[in-house]
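Participant: Below: one structure in structure tokens.
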């Protein structure tokens with residue numbers, strides 16, 4: 254018997270899993286790669302101090318004011334900026350899709366629990382990725398102007414033209430990134446206090462970093478770094494490098510034949526992998542063009558509360574609306590201390 | 530003959546360096562023998578970015 258059917262066909266099964274976007278992990282705050290300072294609402298004073306001593310020939314008389322012990326302390330105010338991620342969610346568009354099945358009965362109910370569990374859940378990691386990028390790349394419009402206004406030069410104590418080009422190409426963010434703050438800041442602890450070029454150590458005469466040059470370029474950065482920093486055992490200096498350096502390092506390390514020179518130490522794999530250069534751990538972060546060799550706690554991200562990064566306020570809108578709101582708000586600022594001990598490749 | 534102004538010396542700006550290059554002479558020629566090839570290439574690349 255022939256079967257007659259009209260009315261169209263439709264798929265009777267679906268993949269249970271909804272493939273999610275891949276988000277870069279926000280290691281910096283989660284793992285405290287740099288000094289994450291909490292408890293600051295709108296601004297924080299950062300103090301730096303130093304003592305210079307001079308030995309003189311011993312005497313048996315009374316101690317006089319000699320200037321042999323020079324005690325210095327200074328304060329720099331760092332303003333924090335509040336920024337938010339917010340929107341409304343109207344799930345009416347999900348009617349007629351798989352998400353309709355998880356909407357409670359009743360015409361007023363258009364919230365899909367499956368949509369919350371499988372799609373909305375991605376808001377937090379997406380914000381995490383954005384904040385991670387903000388820490389390592391970008392500057393405020395005003396900060397970009399200040400960096401562009403610096404007088405470029407090739408020697409130490411001047412910003413390179415290349416750094417100004419990189420800064421000009423940075424995304425405009427509400428908070429300036431670590432490299433932007435290193436390039437230009439108003440620290441009272443600098444050799445010349447106040448607004449101007451940072452006191453960072455510059456790597457002179459750099460070339461494009463490729464798999465063929467990466468070992469030599471890291472060598473330049475290591476070579477120019479202050480030996481006090483390199484020898485700082487209580488908190489060893491670490492390297493902060495662009496994410497792409499991981500690939501360049503492995504390509505360089507795994508060159509075959511006469512070209513092979515294993516300059517980087519790669520230990521473990523996957524989540525447990527660590528890569529180091531001359532004993533200094535390399536942290537791969539979303540830096541663009543710059544590399545930093547520093548004692549990690551000298552780089553700071555000031556916040557109100559670290560969990561603000563992943564805290565989402567979600568609720569129903571008022572006055573009978575069937576929509577919901579979602580909002581995340583954070584307060585932060587980048588800062589650096591001990592600038593004369595921070596090596597900024599590309600600076 | 531004017532004293533050579535090394536662009537890598539602390540405090541020397543590109544503006545000062547360019548003024549020190551004799552008229553009609555290219556930067557590359559001016560730095561030849563005084564800086565390494567890599568340093569000369571770096572300076573040339575830097576100056577290109579300033580003139581953008």
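Residue numbers (my numbering), protein chains in the order written: chain A, 254 to 600; chain B, 530 to 581. Even glycine gets a Cβ: it sits at the ideal position worked out from N, Cα and C.
(1) Got a sec: which bits of the region 401-414 of chain A sit with their beta carbon under 8 Å from any beta carbon on chain B, in order along the chain?
(2) Measure from the C-beta of residue 458(A) to each C-beta in chain B and report whether the shortest distance is under 8 Å.
(3) With a cut-off of 8 Å, does the C-beta of residue 571(B) fall near any C-beta of chain A?
(4) Just to make sure I have the definition right: I need the residues of chain B whose C-beta is within less than 8 Å of the C-beta of residue 418(A). Which are they?
(5) In whole angstroms, what is the alpha-carbon distance linking residue 414(A) and residue 575(B)?
(6) What's the C-alpha gap between residue 348(A) and residue 582(A)?
(7) Around the Cβ of residue 388(A), are there at least 16 other Cβ atoms within 10 angstroms (buried) or fewer (exposed)?
(8) Which full runs of the alpha helix (DSSP H) of 4+ residues lie inside the region 360-400 of chain A, going along the chain?
(9) Can you confirm whether residue 556(B), when its beta carbon is compared against all beta carbons of chain A, has any partner nearer than 8 Å?
(10) Mind checking if residue 533(B) is an interface residue toward chain E, Cβ cutoff 8 Å exclusive?
(11) Using Cβ-Cβ distances below 9 Å, what residues of the region 539-567 of chain B are close to chain A?
(12) Whose C-alpha, out of 546(A), 409(A), 256(A), is nearest the C-alpha of residue 472(A)?
(13) State the Cα-Cα distance for the pair residue 425(A) and residue 395(A), rounded to the nearest angstrom.
(14) Return the Cβ separation of residue 429(A) and residue 592(A) in integer angstroms, given the expectation that the two are a contact with Cβ distance under 8 Å.
(15) Please look up how many angstroms separate the CB atoms of residue 416(A) and residue 600(A), rounded, as I've assumed it's under 8 Å.
(16) Kindly list the residues whose CB is nearer than 8 Å to the CB of residue 364(A), restricted to its own chain and excluding five residues on each side of it in sequence; keep chain order.
(17) Can you give me the Cβ contacts of residue 466(A) inside the same chain, cut-off strictly under 6 Å, excluding the 5 residues immediately before and after it?
Facilitator: Put simply:
(1) 404, 405, 406, 407, 408, 409, 410, 411, 413, 414
(2) yes
(3) yes
(4) 578, 581
(5) 5 Å
(6) 30 Å
(7) buried
(8) 366-371, 376-389
(9) no
(10) Protein chains A and B are contained in the structure displayed, whereas chain E is not.
(11) 539, 540, 541, 542, 543, 544, 545, 546, 564, 565, 567
(12) 546(A)
(13) 9 Å
(14) That pair is no contact at about 15 Å.
(15) 5 Å
(16) 344, 356, 357, 577
(17) 460
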